[in-house]
Amino acid sequence: MKFLKFQFLVALFFYGLLSMKALAQEPSISIDLGETDISIERPFTISVVIKNSDSRPVVNFPAIKGFIKKGTVTSVSPAEMNGKTVVSQVITQSYAAIRPGQFRVPPFELIVGETTIQSEEVIITVKPQLTPGDTVRAVAAPPETIAKNDVFLSLSTSKSSVYTGEGFSLKLSFFVAESYPFELTFYELDQQLQQLLKTLRPANCWEENEGITDLSRHTVFFNGKRYAEYRIYQATFFPLNKQSIQIPSVRLNLLQYRPAAKPGGERKKEMVAYATRPLSVSVTPLPVHPLRDQVAVGQYRLIETSLRKNPAVGQSVQYNFRITGEGNIASLPAPVVPDSATFDIFPPGEKTVINRSNGIVSGYKTFSYALIPRQNGNFPLASFFQWIYFDLKQQRYDTLRSAITLRVGGTALPEGDTVQVSLPGSIYTGIEQTDSSQQPVNLQEMLRLLVNILLVGMIVGMMYLFWRK
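In structure tokens, the structure reads:
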């Protein structure tokens, strides 16, 4: 009897270990439904979002009445979480509507690996197709010669000549005329794109990728003729030096299906390839200036705030110097602050927000400073905070200067209150109020400690039952 108890406890012990390990590593899976109010040119999408899993599951997406299944796109993105790399995947199935109208999609189940997930019911409203007078883009024909079959791969750039540090957009798109008689399917696009990007990305540039994950269809017009554009890749590049940029030709392979020779026969499948023309972008050095290798290039303006305009000597002042505009936001340098006998100026905390859309990179970078006045008086901050850049619109160097004047007056604070640093995002944030005896709670470490205590208790209990007579 005692031996059976021992076996039961051992089995329970190892089952608990395996269960906790499986629970810790269980992936999170969810369904994301696309927009439900669309025009007939746009696809409806169903996405499966898988977090904490690097396996590639096969997902059988449901058929939707009134829609035809189109391509499936998979994107994989690693991210750091609690010091570990967590892989997230998004598998997207596109559906093309057969006709305008309203379509009901009842709740459905998807099996992903060993997990079953369920969706909610949705109503999809499909509007009639747009006409040339509607909001469909009418664009000029690309430099590539349009093939006789009206199918071509286009690599285009927004500018043929830029300054050092000035951004230009690079776009790779596949165009198919709506009158094209054969069916085309992208073949192993992820693998092909990885090889294409090795060729497309200039080595001497900073890249801001727009992160296209959904191979969506856009209707455009060339010379009054309707085409479907599939945008494969788009990014903005900022040259880091004066070396000209040469982008060679790239090829994309697709599967083409021709109609069967006889009714009910098998369609003919063949591999077809399309290539772009090479491109070049000339890079012009900035005009002569002592700081031309260090300044930012773009169109910017200054937004500044000070949380205290009339501080006393020794009283902390938070000052925010925000540069906003269009350009290489990620690489914007902080203002060069000179040494001063008037203020103690602490290193800034930084916050960056970047927007990438339609070949334009915009946003802002905020530098948050803590200033400690040393003496009374009126002090224009323009003497300390200036930011030189090259203005693309004006084609000249310009300077952003602070317009704030601090009026320092009053009695100096006690020595214990002189440094009150509060910089959002800084390592000094709240340091004077922090109690070093109170350590932050780490839920993961606490859970690990509780599990260890439980395991030790189980082992001790098994040993006690085993040796008890």
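Just so you know, the sequence shown maps onto residues -24 to -1, 1 to 445 in mature numbering (1 follows the signal peptide of the UniProt record, and there is no 0). No residue lacks a Cβ here, since even glycine has one placed at the ideal position from N, Cα and C.
Neighbourhood of residue 233 by C-beta distance below 6 Å, restricted to the same chain and skipping five residues each side: 159, 243, 245
Take the Cβ of residue 287 as the centre, count every other Cβ of all protein chains shown within 10 Å, and call the residue buried at 16 or more, exposed below. buried
In the DSSP output, which residue or residues are listed as bridge partners for residue 194? 205
With a threshold of 8 Å, are at least 3 pairs of Cβ atoms found where one atom belongs to the stretch 182 to 195 and the other to the stretch 218 to 233? no
Use the C-beta contact count for residue 174: other C-beta atoms within 10 angstroms, 16 or more gives buried, fewer gives exposed. exposed
Within 10 Å of its beta-carbon, does residue 435 have 16 or more other beta-carbons around it, so buried, or fewer, so exposed? exposed
Straight-line Cα distance separating residue 27 from residue 1: Unreliable positioning characterises residue 1 in this predicted model, as indicated by a pLDDT of 48, which lies under 50. A coordinate reading is not provided.
Whole-Å CB distance - residue 295 paired with residue 345, under 8 Å assumed: 5 Å
Under DSSP, the beta strand (DSSP E) around residue 147 begins and ends at which residues? For residue 147, the uninterrupted beta strand (DSSP E) segment begins and ends at 144 to 153.
Give me, in chain order, the residues of the same chain whose beta-carbon lies closer than 6 Å to that of residue 100; leave out the 5 immediate sequence neighbours on both sides. 12, 20, 79
On a Cα-Cα basis, can you pick out the residue from 18, 8, 290 that is closest to residue 196? Of the residues 18, 8, 290, the one whose Cα lies closest to the Cα of residue 196 is 18.
Start and end of the beta strand (DSSP E) containing residue 133? 127 to 133
Can you give the beta carbon distance from residue 366 to residue 319, rounded, assuming they're within the 8 Å contact cut? Actually they do not touch by this definition, with Cβ atoms about 29 Å apart.
Is residue 436 helix, strand or coil when you go by DSSP? helix
Per DSSP, what kind of secondary structure is residue 367 in: helix, strand or coil? strand
Short Cβ contact (8 Å threshold) for residue 270 with residue 302: no
Nearest to residue 316 (by Cα), restricted to the options 284, 254, 351, 66: 351
Cutting at 6 Å between CB atoms, please list the residues of its own chain near residue 363, excluding the five before and the five after it. 311, 376
Contact belief for residue 193 with residue 285 at Cβ below 8 Å, rounded distance in angstroms: Incorrect: roughly 55 Å between the Cβ atoms, too far for contact.
According to DSSP, is residue 275 part of a helix, a strand, or is it coil? strand
Tell me whether residue 230 sits in a helix, a strand or coil according to DSSP, three-state version. Correct three-state label for residue 230: strand.
In the DSSP assignment, what are the bridge partners of residue 248? For residue 248, the beta-bridge partners assigned by DSSP are 230.
Output needed for residue 357: all residues of its chain with C-beta closer than 6 Å, excluding positions within five of it in sequence on either side, in chain order. 378, 380
Assuming residue 160 is part of the alpha helix (DSSP H), what are its boundary residues? Counting along the chain, residue 160 falls outside any alpha helix (DSSP H), though it belongs to the beta strand (DSSP E) covering 159 to 162.
Coarse secondary structure for residue 312, derived from DSSP in three states: It is coil, neither helix nor strand.
Which residue wins for smallest C-alpha separation from residue 164, given the options 142, 155, 191? Comparing Cα positions, the closest option is 191.
Whole-angstrom distance between residue 368 and residue 248, CA atom to CA atom: One Cα belongs to residue 248, the other to residue 368, and the distance between them is close to 43 Å.
Output the distance between the C-alpha atoms of residue 205 and residue 256, rounded to the nearest integer angstrom. 23 Å
Best match in 162, 42, 5, 330 for proximity to residue 208 [C-alpha to C-alpha]: 162
Reducing DSSP to helix, strand and coil, say where residue 304 ends up. DSSP places residue 304 in the coil class of the three-state scheme, outside both helix and strand.
Compute the Euclidean distance between the alpha carbons of residue 143 and residue 341, then round it to the nearest angstrom. Straight-line Cα distance between these residues: approximately 17 Å.
What's the gap between the Cα of residue 348 and the Cα of residue 322? For residue 348 and residue 322, the distance between alpha carbons rounds to 9 Å.
So, with DSSP's three-state summary, where would you put residue 293? strand
Go ahead and pull the three-state DSSP assignment for residue 16. coil
Cα-Cα separation, residue 428 to residue 440: CA-CA distance, residue 428 to residue 440, rounds to 18 Å.
Which partner residues of residue 443 appear in the DSSP bridge assignment? Answer is none; residue 443 lacks a bridge partner.
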